[in-house]
Structures are given as structure tokens and as C-alpha cells.
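Residue numbers (full-length UniProt numbering): 1 to 370.
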């Protein structure tokens, strides 16, 4: 065992004088801790430590001396006499043990804002890069149509379009009925129940129909695209495609985005029709409006322009959903946590960008009189 470890304690009325001696090393660390706990239990306003007689000193001793010198926060502590050959080690331990001061909240908020702007810029560059790569790949396929993978495209259209019809028609049917019910309930106060047809027709065909379908597709198909590409990246299947000389953009991304561009307008059309049917059923059952009157009023209230406005937006929304979903899928790292995070991020960003795009289209069509 390294030599004895000793702290001589001399207690006065308002101070404690300590004299350290012997070996302050790892072998005596437990004895030091017990003695320090005993010292802190004593009552005094001031502790004076004389470390001049310490004969051996290592990191454990430095930690113990630092704990003793810091005190327990209830009294003043003065350290003197530590040998110069031990002072360097003690100073390093003391500096390492200092508590990190809390960050200034204002600085932290600015740092968070800067990080958010940096991430926004990085995401914008990734999306632009994906759009450019998709456009180049599409141009290459148009120039050489045999490179288009029709089986893959047909499979994706089946998944995005055909298999989504039941849930899309059901939800839009219900939404159309809810809009009609609320319209009848409020218009009835003014004796203007017939105007609910105008409300349902214009709102569904111009805005709600395509927007609601796009949000459902973003949550259903966009999330699956991100999860599929992310899991393929985790298993290094995308790297394997590159090794075999296949372009992942052409093999994986192009069919998926094209399937969305083809499938979403069809779903938007079916969803809008289902919503109009739902509105008609509620107007008939709840409002007592004859179906023939509903159809005739609908023909008067809406025009082909209203239908065109909604349908023009749908392929652009599909393109946004596809680009965001595929980009987020390729950002997945090697963990399942990253896969879940990017899938959630994909859905949130897709829905947000679809709503923003719908707002831009609303302003644009209003400015040109549509």
C-alpha cells in the first residue's frame, strides 16, 4: 500500500485548520472521501487547508483536494502550501471540474434560429438538386422511351391510385356531407338553403377536393416512399444498384414520382365527385332538397373553370409530394430512429408545401381572373 493518508483536523470556534500529509493517491481514495465527509459535517465559517506535507499525489488525490477546496457552499475555504510539483496536476483537475456556465438564452435562441435557417437552406438545395436530377432523367427517358420501366410504373400507379380509391372516396364523401350540413344549418337562418349547393360545388372543385386528396396521398403514399427508399439505403441496396451500373433515379425515383403525377389527378377527380355526392345526399336527407334540384343548381353554380382550377393544381402537388418523399428517404442514415424521423419529416414537409403551393395557386388564379 502507498503510504498513510492523513488529514489532521484542528477545530476552533469559527474555523477549521486542516493539515494534509502522506500519500494522496488512488489506494487511499476511500479514506480521503470518508475524512472529507467528516470535515464537511463540522460547523465552522472558514476552512484553512495546509497541503505542504503531502508526500505523494496523483489524479485521485487531486480530485479529493479539489473537492475539499471547493467546499460545500456554506463557508469560505482557503488552500495553501501545495508543492509546486503537484500544482500543475491540481490545476488541470480543478479546471476540468469547473461547472459549465448556463448558456445565455438569447444566444441560444439566436443559435437555434441560425441552425433552422441553415437547415432550411440545405433542404432547399437538396430539393432543387432532386428536381434537376429528375428533370434530366425524365428527358433521357423521353429521348429513349425503352428505358422507361413500365412494369415498375404500372405497379406504383396501382399502389398510389387504384388501392387508394376506397379510402379517398370514403373520406371525401364524408367531408362533402359535413360541408353541406354546416352550410344548410347556417343558411337556414336566412332562408337561403339553396346556396349550400354553390358553397359545396365551388369549395370542393376549386380547393377542398384536390387539397384533401393531396394531404391523404402525402400521408399514405409519400410516407411509404420515404420508408421504402430509407430502408433500401440502410441495407445498402441503393449502393448495390450503382455498383451494377444502374441509376437509382431511373430505377427507383422516376417511376414513383410519375405514378404520383398520374395517380393524384385521377384521385382528385374521384374525390371531388364523391364529395359532391356526399353533399347531395346530406342536402336531400337533412335539408329536404330534391336530388334533381341539387344537380340543376350545381350546374348553374359551378363552371368548367372551377373544375379546371382544381385539376391544374393536382399534378404540381403530386410532383411536390414525390420530390419531398424521395429526398427525405435518401437522407436516412443507418438507424431505425433515423428512418422514423425522416418518414415523419417527409409527411409534415409534404403537407406544408402542398398547402403553401395551394395558396400560391389561389393568388395566381385570382390575379388572372379564374
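No residue lacks a Cβ here, since even glycine has one placed at the ideal position from N, Cα and C. Since this is a predicted model, take the numbers as computed values, not measurements.
Against chain D, with Cβ distances strictly below 8 Å, would residue i count as a contact?
i: residue 224; result: Note that chain D does not occur in the displayed structure, where there is just one protein chain.
Residue i bridges to which residues according to DSSP?
i: residue 79; result: 49
i: residue 24; result: 57
i: residue 19; result: 8 and 50
Are residue i and residue j close, meaning C-beta to C-beta below 8 Å?
i: residue 66; j: residue 19; result: no
i: residue 276; j: residue 201; result: yes
i: residue 334; j: residue 228; result: no
i: residue 262; j: residue 157; result: yes
i: residue 321; j: residue 348; result: no
i: residue 134; j: residue 249; result: yes
i: residue 62; j: residue 89; result: yes
i: residue 346; j: residue 222; result: yes
i: residue 138; j: residue 254; result: yes
i: residue 127; j: residue 197; result: no
i: residue 274; j: residue 161; result: no
i: residue 279; j: residue 179; result: yes
i: residue 37; j: residue 80; result: no
i: residue 350; j: residue 318; result: no
For residue i, which residues of its own chain have a beta-carbon under 7 Å away from its beta-carbon, when the five flanking residues on both sides are left out?
i: residue 131; result: 323
i: residue 396; result: Coverage of the chain is limited to positions 1 through 370, which leaves residue 396 absent and any answer about it impossible.
i: residue 29; result: 60 and 64
i: residue 112; result: none
i: residue 181; result: 282 and 286
i: residue 187; result: 193, 195 and 196
i: residue 9; result: 16, 18 and 39
Does the beta-carbon of residue i have 16 or more other beta-carbons within 10 angstroms, so that it is buried, or is it exposed?
i: residue 82; result: buried
i: residue 24; result: buried
i: residue 360; result: exposed
i: residue 233; result: buried
i: residue 289; result: buried
i: residue 209; result: buried
i: residue 327; result: buried
i: residue 256; result: buried
i: residue 358; result: buried
i: residue 343; result: buried
i: residue 117; result: exposed
i: residue 22; result: buried
i: residue 125; result: exposed
Quick check: the Cα distance between residue i and residue j, rounded to an integer number of angstroms?
i: residue 231; j: residue 341; result: 13 Å
i: residue 26; j: residue 57; result: 9 Å
i: residue 374; j: residue 296; result: With the chain covering only 1 through 370, there is no way to say anything about residue 374.
i: residue 258; j: residue 292; result: 39 Å
i: residue 122; j: residue 226; result: 18 Å
i: residue 311; j: residue 195; result: 24 Å
i: residue 218; j: residue 163; result: 14 Å
i: residue 136; j: residue 129; result: 11 Å
i: residue 42; j: residue 94; result: 24 Å
i: residue 337; j: residue 243; result: 27 Å
Leaving out the 5 sequence neighbours to the left and right, which residues in its chain are closer than 6 Å to residue i when beta-carbon positions are compared?
i: residue 352; result: none
i: residue 7; result: 18, 20 and 35
i: residue 314; result: 210, 264, 265 and 268
i: residue 307; result: 205
Can you give me the Cβ contacts of residue i inside the same chain, cut-off strictly under 8 Å, excluding the 5 residues immediately before and after it?
i: residue 394; result: A query on residue 394 cannot be resolved here, the shown segment of the chain reaching from 1 to 370 and no further.
i: residue 15; result: 44, 45, 46, 47 and 48
i: residue 147; result: 140, 141 and 250
i: residue 189; result: none
i: residue 309; result: 205, 206, 361, 365 and 370
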